[in-house]
Amino acid sequence: MPIIYPSAAGSSKHLPSARMLDGAFLCEFQSIQTMLASSVPAFGAGTLWRAGDFAYLEAPFSALDHHLVTAGGVKLYVQPVNGFGAGFPQFALEAFNPALDGVTDDAAVLAQALATIQTAGGGSLIWSGTAYVGSTISTNGWLGDFALLGRGNTAGLKTSVDDISVIGGTPGAALNITLRNLQITGAWEDNHMQSEQDRWLVHIPSAGDVEIQDCRIGSSQKGAVKFGNARSFRMTGTMIHECARGGVNISGTRQTRFEGNVFEHLGDDAISLHTTQSATSVSREHIVQGNHFVDCQGINALGVRNLLVSKNTGERIRTHFVRSGYDSSFEEGNGTVLGLSVTGNVINDCLNVRMINNDGDNNYWIHVNNAAPSGGPDLPANPGEPDPSGGIVPLAGNVFGIGEGAPKAGAWGLNISDNQFLRTRQAVANYSDWGEGLLFGDAGYHDPEVTELSLMPYVRFYSGTRTLSWSNNILMGFRGFRFFFRASSDAGFRQCQITDSHFIWSGGGSIFDLGGSGGNRILDVQFRNLVLDGDRFYVNAAHADDGSWSSESAMTAFNLPGCLGYSIAGCHVMNVSRIENSGGALRWSAEANYQYGQCVSDSFSTANRGIGVPMPASEGWQLIDCDADTGSATWGQVRSVPQSMPSAPTGGYWLKGMFIRNSAGTAVSPDGDGRLLTGWRRATTGTGNITGTDWLPIYAATTPA
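In my numbering, the protein residues as written are 1 to 705.
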């Protein structure tokens with residue numbers, strides 16, 4: 001960049017449009033167009049010129065790197081708007097005389113402006129209006145930081161069809177990049193995605209610290225933003241919209257933070273995080289907080305560590321909200337999922353249909369994927385479940401672990417808490433029935449039909465998941481929503497706890513489906529304080545309106561053939577054909593649980609209502625008499641509980657502290673005090689029923705009159 005310096009000492013020229021200022025000539029014009037049309041001759045290298053708010057420095061007559069030339073043949077250099085000698089100079093794009101009308105190609109002018117910043121060793125470019133970019137703008141070989149800034153949210157970059165990237169090349173590793181107050185838009189016509197760079201509106205192969213703030217990026221057949229191998233990335237207050245290839249794709253970046261953004265109408269992942277083969281570039285410390293997701297896939301994190309997904313909202317989420325897994329293309333240990341927390345999110349109306357760049361038929365609200373080391377797990381289709389071979393299944397051939405010879409570890413430290421995953425609409429025929437927005441096709445949006453498979457959300461955890469904590473979540477689905485575990489490698493599961501959550505299902509299959517393959521089992525699974533309302537809306541074909549079930553296996557609350565050991569305590573279950581199918585699994589403890597229905601048989605019977613086959617009291621399940629007939633005036637209400645008996649109970653499982661009233665009413669205590677025996681209070685929890693030990697008699701304080 002030319003150095004600003006005063007004119008030669010003692011020089012003296014006088015023209016109507018020029019005046020002396022501190023030894024340098026200053027030539028002033030009302031506008032850039034007036035200046036460029038001027039026939040004023042050169043004053044000499046170093047003379048200051050001004051057009052409106054923009055300053056220029058006169059270049060030597062022989063210069064070849066000048067920015068503008070007047071009609072009088074004067075060559076000029078654009079000067080920064082934030083003063084001479086600024087440490088981080090800021091240039092106005094308007095000073096380079098672009099059209100900024102969104103139609104005329106400004107690519108050459110923009111490239112010239114960026115080259116000026118590069119020559120200066122870094123700086124920022126600010127403008128108003130829309131710059132149309134008809135070819136790729138590259139910053140190849142940059143060493144200085146730069147920023148692209150909009151003036152008052154009125155600046156835009158509109159890209160062409162064939163060369164879609166705004167920023168390309170291979171910047172220096174220490175390059176810091178800022179995009180602020182910009183509107184970056186593309187086009188819908190298909191250009192066959194000829195290169196990886198062509199697939200993104202903004203492409204940054206490597207950088208130092210990257211920040212995108214208060215921008216609007218979208219309206220393109222391509223994706224919005226792709227970059228990698230950076231120290232950090234932060235996106236705030238930005239809208240990513242209408243991009244067929246998805247939102248933000250990041251690889252090998254150590255720290256990322258997404259806050260207060262909107263992702264809507266995207267044909268792929270809103271946020272995609274990947275690690276790299278280099279151990280020094282493993283993705284770490286990622287925060288996705290306070291964002292809104294609409295009509296898109298959610299967050300896809302492969303091989304990342306320490307990911308927090310918190311306080312986000314979303315609707316019409318397709319394929320997955322959070323998908324986390326291991327990528328086998330990386331060296332062992334670098335692709336392991338460690339530290340995933342999904343907390344405080346509210347997600348409504350999930351949906352999945354076939355679309356561009358997506359061959360999935362399954363819909364996962366939360367999917368943690370760590371596949372088996374030999375071709376992926378064996379996952380046969382279950383009743384009510386689409387064939388997983390057609391959907392997003394564990395990546396084949398993955399081997400996950402830390403260090404050579406270490407046990408395959410997959411995902412560690414998963415926390416899913418305080419979320420709401422809700423389906424609020426039951427009958428949907430076409431995608432547009434959900435409200436605004438359609439899906440993407442080659443010509444833009446279209447309105448596909450919605451099938452039964454489109455309405456089947458799942459929560460899935462695959463082999464290698466350890467230390468899972470699931471708590472304080474509310475989940476409601478309408479078509480076969482299932483909580484799905486699979487142990488498909490020798491890693492299995494360890495220390496999984498599911499507590500204090502509410503599940504409302506409808507459809508078929510199982511609520512909790514814990515299975516194994518190849519002899520692998522799931523260990524140490526604890527279910528605590530859950531409310532499971534199975535076929536709440538009576539849509540299962542085997543569930544009649546009167547609450548009866550025609551098939552024992554139509555809907556199972558706890559399907560546990562892949563477990564070695566489990567415990568269930570404090571759970572409330574209703575509207576299922578059966579509660580447990582242990583498959584030989586060992587129950588660690590027999591604790592109090594509650595089942596709601598009208599049962600006349602201890603085994604499966606079509607005469608039972610609500611619960612097809614109740615669990616016995618000896619295994620810790622207490623039956624609550626609840627009306628399950630939709631035609632009854634008391635449907636859904638608890639009609640009675642075992643509150644009174646003529647004598648102390650002699651069987652069943654009881655909780656400590658429970659009181660049974662004496663229905664005889666006239667029994668007098670054996671000690672002859674004349675007090676009425678009002679009932680019995682439970683002194684222990686369990687199946688023992690010894691009066692005086694397990695049941696303590698309770699007497700009225702005074703004798704009857």
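Quick reminder that beta carbons are idealized off the backbone N, C-alpha and C, glycines included.
Quick check on residue i: does DSSP put it in helix, strand or coil?
i	result
Met35	helix
Arg199	helix
Ala592	coil
Phe96	helix
Ser501	coil
Ser232	strand
Ala147	strand
Ala585	coil
Ala617	helix
Gln637	coil
Lys311	coil
Asn472	coil
Lys75	strand
Tyr56	strand
Gln90	strand
As a quick exercise: from the options, pick the residue whose alpha carbon is nearest that of residue i.
i	options	result
Glu94	Glu58, Ala131 and Ser618	Ala131
Asp53	Ser39, Ala92 and Val539	Ala92
Ile474	Ser601, Asn419 and Val248	Asn419
Lys158	Gly152, Asn176, Arg151 and Ser135	Ser135
Tyr594	Gly583, Asp295, Ala607 and Ile568	Ile568
Ile177	Gly144, Leu48, Cys215 and Asn249	Gly144
Leu340	Glu315, Asn306, Phe321 and Cys243	Asn306
Lys75	Leu36, Arg536, Arg180 and Leu532	Leu36
Arg254	His274, His265 and Ser232	Ser232
Val342	Gln33, Gly72, Ala541 and Leu414	Leu414
Ile217	Gly208, Ala244 and Ala230	Ala244
Gly247	Ala207, His286, Leu48 and Asp295	Asp295
His320	Phe503, His286, Gly267 and Leu57	Gly267
Ala592	Asp535, Gln643, Gly610 and Gly686	Gly686
Leu523	Pro561, Trp695 and Val539	Pro561
Thr275	Asn300, Pro649, Ser219 and Glu264	Asn300
Leu422	Thr499, Asn540, Trp505 and Asn559	Trp505
Ser324	Val346, Ser272, Asn559 and Glu552	Ser272
Gln90	Thr116, Thr684 and Thr104	Thr116
Leaving out five residues on either side along the sequence, give the residues of the same chain with a beta carbon under 7 Å from the beta carbon of residue i.
i	result
Ala406	Note on Ala406: pLDDT 30, under 50, position unreliable in the model; no value is reported.
Gly344	Ser310, Lys311, Asp418 and Asn419
Ala45	Glu58, Ala59 and Pro60
So, for residue i: in the same chain, excluding its five sequence neighbours on each side, which residues have a beta-carbon less than 6 Å away from its beta-carbon?
i	result
Cys496	Leu468 and Val525
Leu530	Ser501 and Cys571
Glu259	Thr236, Gln289 and Gly290
Pro646	Ser663 and Ala664
Phe263	Ile240, Gly247, Ala270, Phe293 and Cys296
If we ignore side chains and look at the alpha-carbon of each, how far apart do residue i and residue j end up?
i	j	result
Gly692	Cys571	29 Å
Ile317	Ala585	35 Å
Leu308	Ser471	16 Å
Gly186	His241	11 Å
Tyr699	Asn662	10 Å
Glu28	Leu302	58 Å
Thr256	Asp101	34 Å
Ser618	Gly652	6 Å
Leu175	Asn181	20 Å
Phe96	Glu285	41 Å
Asp513	Met555	11 Å
Ser38	His66	17 Å
Tell me where the alpha helix (DSSP H) around residue i begins and ends.
i	result
Leu110	Ala107 to Thr119
What residue range does the beta strand (DSSP E) around residue i cover?
i	result
Gly129	Gly123 to Val133
Pro697	Trp695 to Tyr699
Arg50	Leu48 to Ala51
Ile177	Ile177 to Arg180
Trp680	Leu677 to Arg682
Ala648	Careful: Ala648 lies outside any beta strand (DSSP E) and carries neither H nor E.
Ala707	Absent from the structure is residue 707, since the part of the chain shown begins at 1 and ends at 705.
Ser567	Gly565 to Ala569
Asn268	It should be pointed out that residue 268 corresponds to Asp in this sequence rather than to Asn. Taken as a continuous stretch (DSSP letters only), Asp268 belongs to no beta strand (DSSP E), as it is neither H nor E.
Ile217	Arg216 to Ser220
Arg318	Run containing Arg318: none; DSSP gives neither H nor E here.
Excluding the five sequence neighbours on either side, which residues of its own chain have a C-beta within less than 8 Å of the C-beta of residue i, listed in chain order?
i	result
Val576	Ile511, Leu532, Gly534, Asp535, Met555, Thr556, Ala557, Ile611 and Gly612
Leu114	Leu125, Ile137, Thr139 and Phe146
Ser637	Before going on, a small fix: residue 637 reads as Gln here, not Ser. Taken in chain order, the residues that qualify are Cys626 and Asp627.
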